Amino acid sequence: MSTAFATVAGGESRFLNRELSWLDFDARVFALAADDRVPLLERAKFLAIASQNLDEFFRVRVAGLKDQVAAGLGVSSPDGLTPGEQLTAIRSCVDELAQRQSRIFLDGIVPALADVGIRMSDWESLDDDDREHMVRVFHERIFPVLTPLGVDPGHPFPHIADLSLNLAVMVRDPAGGDRRFARVKVPGLLPRFVVMPDGERFVALEQVIAAHLDVLFPGMEIESHFPFRVTRDADTALRDEEADDLLAAVELELRARRRGRAVRLEIPPDMSTEVRELLVRELEVGEDDVYTIDGPLDLGGLWSVYELDRPDLKSDPWLPMTQPRLSAAGEADVDVFAVLRDADVVVHHPYDSFTTSVEAFIKQAALDPSVLAIKQTLYRTSGDSAIVKALIRAVQANKQVVAVVELKARFDEEANIAWARAMEEAGVHVVYGLVGLKTHCKVALVVRQELDGIRRYCHVGTGNYNPATARLYEDVGLLSAAPELGEDLTHLFNFLTGYSREVKYRRLLLAPTQLRTRMVELIRREAHPGGRIVLKLNHLVDPGVIDSLYEASLAGAEIDLIVRTRCSLRPGVPGLSENIRVRSIVGRYLEHSRIFAFGRPGEEPVEYYIGSADLMERNLDGRIEALVHIENPEVQARLQEILDVDLSDDELAWELDAAGRWEIRAKAAGVNAQRRFQELAIERARRPDAPDVAIP
186 MSTAFATVAG GESRFLNREL SWLDFDARVF ALAADDRVPL LERAKFLAIA
236 SQNLDEFFRV RVAGLKDQVA AGLGVSSPDG LTPGEQLTAI RSCVDELAQR
286 QSRIFLDGIV PALADVGIRM SDWESLDDDD REHMVRVFHE RIFPVLTPLG
336 VDPGHPFPHI ADLSLNLAVM VRDPAGGDRR FARVKVPGLL PRFVVMPDGE
386 RFVALEQVIA AHLDVLFPGM EIESHFPFRV TRDADTALRD EEADDLLAAV
436 ELELRARRRG RAVRLEIPPD MSTEVRELLV RELEVGEDDV YTIDGPLDLG
486 GLWSVYELDR PDLKSDPWLP MTQPRLSAAG EADVDVFAVL RDADVVVHHP
536 YDSFTTSVEA FIKQAALDPS VLAIKQTLYR TSGDSAIVKA LIRAVQANKQ
586 VVAVVELKAR FDEEANIAWA RAMEEAGVHV VYGLVGLKTH CKVALVVRQE
636 LDGIRRYCHV GTGNYNPATA RLYEDVGLLS AAPELGEDLT HLFNFLTGYS
686 REVKYRRLLL APTQLRTRMV ELIRREAHPG GRIVLKLNHL VDPGVIDSLY
736 EASLAGAEID LIVRTRCSLR PGVPGLSENI RVRSIVGRYL EHSRIFAFGR
786 PGEEPVEYYI GSADLMERNL DGRIEALVHI ENPEVQARLQ EILDVDLSDD
836 ELAWELDAAG RWEIRAKAAG VNAQRRFQEL AIERARRPDA PDVAIP
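In the numbering used here, the protein residues as written are 186 to 881.
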């Protein structure tokens with residue numbers, strides 16, 4: 186991009202800050218929690234999600250910036266801010282978000298819950314019967330797992346675990362008058378809010394513990410007690426090229442993560458100066474790392490409230506539809522391979538069932554005696570994974586099974602280690618990917634012996650092979666028996682598991698080799714009056730790609746971007762991006778699919794791609810990513826339908842302006858994209874003549 190565009194009007198950078206953009210997404214989730222049109226327990230859920238998002242932000246993004254400051258790195262981000270300046274801006278933004286979070290909970294959700302019989306009670310408000318019940322609960326379930334830790338010359342300050350909720354207690358020995366500090370950890374495996382016998386009143390766990398401190402410190406005088414919470418650096422610094430045993434190295438790194446440097450200390454506003462100073466000193470945090478929270482700490486615990494059996498306070502349950510061509514009246518099972526030999530199948534989760542499509546594909550492959558091999562990538566999966574179990578059954582049936590497991594999938598490392606070991610013990614050939622690159626692509630290949638020879642069946646998706654998230658995340662996937670795609674996936678797995686030079690792929694775009702170059706080429710191809718680009722993705726922060734989009738806008742292309750979370754592109758700037766519009770869909774389901782469309786439908790051929798990659802430097806340059814080129818007209822039409830619905834949404838959509846502000850779109854037609862996709866899925870499931878998607 187020309188240096189003439191280094192800044193825009195007013196001297197602002199042509200890029201928006203990626204870290205502040207993440208916090209803007211949290212603000213949009215908070216808006217859902219504050220919206221009284223959203224079912225009440227869904228609002229509590231969104232507050233829990235936003236709280237957990239902030240935790241991750243500190244554990245990774247803030248921790249990374251602090252590392253840069255500590256290393257003396259003054260290199261500015263693309264928007265021109267140094268690491269220190271970004272931390273200052275983040276502090277101001279998080280202060281505002283924290284206040285908003287507390288107000289939504291205390292002034293909005295708590296009174297609304299009380300109106301429907303669900304009360305967030307204080308210990309002081311309980312009557313004698315309630316307290317008697319809580320005393321029993323404490324002694325039977327809580328007291329046995331508590332370990333008070335005193336601090337004195339013989340007992341050093343204890344380690345405070347990442348994301349742990351604690352009580353800081355000042356005690357006094359009435360005999361000698363000595364005053365001591367003690368710490369009581371609130372057990373993380375117990376429910377954050379203790380439910381009363383009526384099932385609809387809750388008391389914060391730390392309040393129950395605080396009311397029984399005399400039991401934990403018998404004979405001592407309890408002077409004061411305050412809750413506090415610590416967030417630590419959780420960004421692994423593992424360099425796998427230096428590790429002889431990657432699995433063992435990741436396990437060591439996980440243990441180190443639990444003791445990472447503290448990057449945030451959350452405290453209540455009434456904490457005494459004495460205790461605050463002690464925590465700041467012992468945790469080695471700065472005053473800028475201390476956040477005063479006027480309300481309960483760790484509202485991620487609201488998930489336990491959401492689990493209440495109150496369907497009247499939740500969104501209507503959604504049962505994903507089975508694709509018409511993957512179900513047949515009167516038949517117990519559908520031959521997925523026969524379906525795919527006739528036509529491709531595109532699935533749109535959670536509207537289309539993951540269980541009866543992707544899981545059914547792998548399960549049938551495991552049991553089919555004609556299947557010779559199954560090869561699959563696994564980035565994140567569930568604790569009780571039907572797909573992993575199917576892979577193990579396939580090995581037991583003497584099939585060749587390869588699982589490319591990414592051990593470094595952040596915050597899922599332990600689950601992936603457990604599954605990797607289970608599969609290795611069963612005989613699955615487990616591969617941990619390539620040195621220095623995370624394997625993030627979502628692909629599966631089934632090799633089958635048929636009458637006319639070997640045939641390959643494929644799945645390429647935008648989401649993980651995880652049935653739990655497939656019910657909550659919006660994703661798309663392609664099931665296909667197209668020969669050229671099968672050949673591409675064969676080359677890809679050979680590349681992932683062995684040694685091979687780069688080959689020319691016919692349907693796949695791979696990072697870090699071709700994807701960046703091809704994306705820029707496609708953008709530049711549309712850089713003319715009448716050009717058209719629509720991108721749906723989670724993050725758009727790569728400066729090179731953004732500059733290419735600016736150039737296309739200046740050349741006259743019309744560009745629509747549907748970006749869920751982070752967007753560093755500044756839209757609507759005269760002389761730079763006036764032809765670019767940016768929106769974000771935030772609703773019941775987490776928008777997770779990546780769909781890329783280049784060209785104007787109805788006027789010229791359009792190139793469509795789906796896959797695993799966002800347009801970020803780490804995806805384009807530091808991961809194995811795969812996009813598949815969609816060539817079939819009917820699959821293209823289905824993808825265009827998804828984009829059209831998202832672009833017409835005026836209930837869930839937020840729009841980004843040139844100043845970097847997100848505003849909810851004014852309602853005009855009353856289109857809720859996620860509700861519309863449910864309607865479309867129902868319509869397709871009810872149509873026995875739903876069109877096939879034929880392989881060209």
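C-beta atoms are modelled at their ideal positions from N, C-alpha and C, and glycine is treated no differently.
Note that the coordinates shown come from a computational prediction; the quantities given were computed from them, not determined experimentally.
So, with DSSP's three-state summary, where would you put residue i?
{"i": "Met-405", "result": "coil"}
{"i": "Tyr-642", "result": "strand"}
{"i": "Trp-839", "result": "strand"}
{"i": "Glu-473", "result": "Residue 473 is actually Asp in this sequence, not Glu. Helix."}
{"i": "Met-801", "result": "coil"}
{"i": "Pro-170", "result": "Absent from the structure is residue 170, since the part of the chain shown begins at 186 and ends at 881."}
{"i": "Lys-852", "result": "coil"}
{"i": "Leu-450", "result": "strand"}
{"i": "Leu-398", "result": "helix"}
{"i": "Arg-650", "result": "Rather than Arg, the amino acid found at residue 650 in this sequence is Tyr. Coil."}
{"i": "Ala-256", "result": "coil"}
{"i": "Glu-492", "result": "coil"}
{"i": "Val-589", "result": "strand"}
{"i": "Phe-144", "result": "Outside the shown range of the chain, which is 186 to 881, sits residue 144, and nothing can be said about it."}
{"i": "Asp-425", "result": "Below a pLDDT of 50, predicted positions are generally treated as unreliable, and Asp-425, at 43, falls in that range; the measurement from the model is reported next regardless. Helix at Asp-425."}
{"i": "Lys-251", "result": "helix"}
{"i": "Arg-510", "result": "helix"}
{"i": "Val-771", "result": "coil"}
CB-CB under 7 Å to residue i, same chain, minus the five flanking residues each way: which ones, in chain order?
{"i": "Leu-700", "result": "Leu-694, Ala-798, Leu-805, Glu-810, Leu-812"}
{"i": "Ala-219", "result": "Ile-289, Gly-293"}
{"i": "Ala-712", "result": "Glu-736, Ala-737, Ala-740, Ala-742"}
{"i": "Arg-365", "result": "Gly-335, Val-336, Asp-337, Val-356"}
{"i": "Leu-775", "result": "Leu-657, Tyr-658, Glu-659"}
{"i": "Leu-707", "result": "Phe-783, Glu-792"}
{"i": "Ala-514", "result": "Legend: pLDDT at Ala-514 = 46, less than 50; position of this residue unreliable, no value from coordinates given."}
{"i": "Phe-413", "result": "Asn-351, Ala-353, Leu-450, Glu-451, Ile-452, Leu-464"}
{"i": "Ser-489", "result": "Pro-376, Arg-377, Phe-378"}
So residue i and residue j are in contact, right, with Cβ under 8 Å, and what is the actual spacing, rounded?
{"i": "Leu-225", "j": "Leu-298", "result": "7 Å"}
{"i": "Val-530", "j": "Val-524", "result": "7 Å"}
{"i": "Ile-577", "j": "Ala-611", "result": "4 Å"}
{"i": "Ala-274", "j": "Leu-266", "result": "7 Å"}
{"i": "Asn-651", "j": "Arg-785", "result": "Incorrect: roughly 36 Å between the Cβ atoms, too far for contact."}
{"i": "Val-379", "j": "Val-320", "result": "Val-379 to Val-320, Cβ: 12 Å. No contact."}
{"i": "Pro-268", "j": "Val-254", "result": "5 Å"}
{"i": "Ala-153", "j": "Arg-846", "result": "Because residue 153 is not part of the residues shown, which for the chain are 186 to 881, the question remains open."}
{"i": "Arg-644", "j": "Gly-662", "result": "It should be noted that the sequence gives His, not Arg, for residue 644. Right, the Cβ-Cβ distance comes to about 6 Å (below 8 Å), so this counts as a contact."}
Along the chain, where does the alpha helix (DSSP H) containing residue i start, and where does it finish?
{"i": "Lys-574", "result": "571-581"}
{"i": "Gly-671", "result": "668-682"}
{"i": "Arg-285", "result": "268-288"}
{"i": "Leu-547", "result": "Reading off the sequence shown, one finds Ile at residue 547, where the question assumed Leu. Residues 545-552."}
{"i": "Thr-562", "result": "Thr-562 -> not in any alpha helix (DSSP H); beta strand (DSSP E) instead, spanning 556-563."}
{"i": "Leu-865", "result": "858-871"}
{"i": "Asp-300", "result": "295-300"}
{"i": "Glu-467", "result": "458-468"}
Note the first and the last residue of the continuous beta strand (DSSP E) segment covering residue i.
{"i": "Gly-662", "result": "658-665"}
{"i": "His-777", "result": "Premise fails: His-777 is in no beta strand (DSSP E) and is neither H nor E."}
{"i": "Glu-810", "result": "808-815"}
{"i": "Asp-831", "result": "Premise fails: Asp-831 lies in the alpha helix (DSSP H), 818-833, not in any beta strand (DSSP E)."}
{"i": "Leu-630", "result": "627-635"}
Can you find the residues in the same chain that come closer than 8 Å, C-beta to C-beta, to residue i, ignoring five residues on each side of it along the sequence?
{"i": "Glu-763", "result": "Ser-738, Gly-757"}
{"i": "Asp-280", "result": "Tyr-476"}
{"i": "Gly-855", "result": "Asp-835, Glu-836"}
{"i": "Arg-869", "result": "Met-506, Gln-508, Pro-509, Ala-875"}
{"i": "Ala-866", "result": "Pro-505, Met-506, His-533, Tyr-536, Asp-537"}
{"i": "Lys-852", "result": "Asp-835, Glu-836"}
Between residue i and chain B, is there a C-beta pair that is closer than 8 Å?
{"i": "Asp-835", "result": "The structure shown contains no chain B; it is built from a single protein chain."}
Keeping to the same chain, check which residues put their C-beta closer than 6 Å to that of residue i; ignore five residues upstream and five downstream.
{"i": "Ala-879", "result": "Residue placement at Ala-879 is poorly supported in this model, since its pLDDT is 35, which falls under 50; the coordinates are not used for a value here."}
{"i": "Leu-720", "result": "Leu-746, Phe-781"}
{"i": "Ser-187", "result": "No answer about Ser-187 holds up, because its pLDDT of 40 lies below 50 and its placement is not dependable."}
{"i": "Ile-547", "result": "Ile-572, Ala-575"}
{"i": "Tyr-491", "result": "Leu-226, Ala-229, Lys-230"}
At 4 residues or longer, and completely inside the stretch 694-730: list those alpha helix (DSSP H) runs for me, N to C. Taking 4 residues as the minimum length, the alpha helix (DSSP H) runs contained wholly in the stretch 694-730 are 700-710, in order along the chain.
Runs of 4 residues minimum, wholly inside the stretch 204-244: which ones carry the alpha helix (DSSP H) assignment? If we require 4 residues or more, the alpha helix (DSSP H) runs fully inside the stretch 204-244 come out as 225-241.
Residue ranges of each beta strand (DSSP E) within the stretch 318-393, 3 or longer: Listed in chain order, the complete beta strand (DSSP E) runs (minimum 3 residues) inside the stretch 318-393 are 334-336, 350-357, 364-370, 378-380, 386-389.
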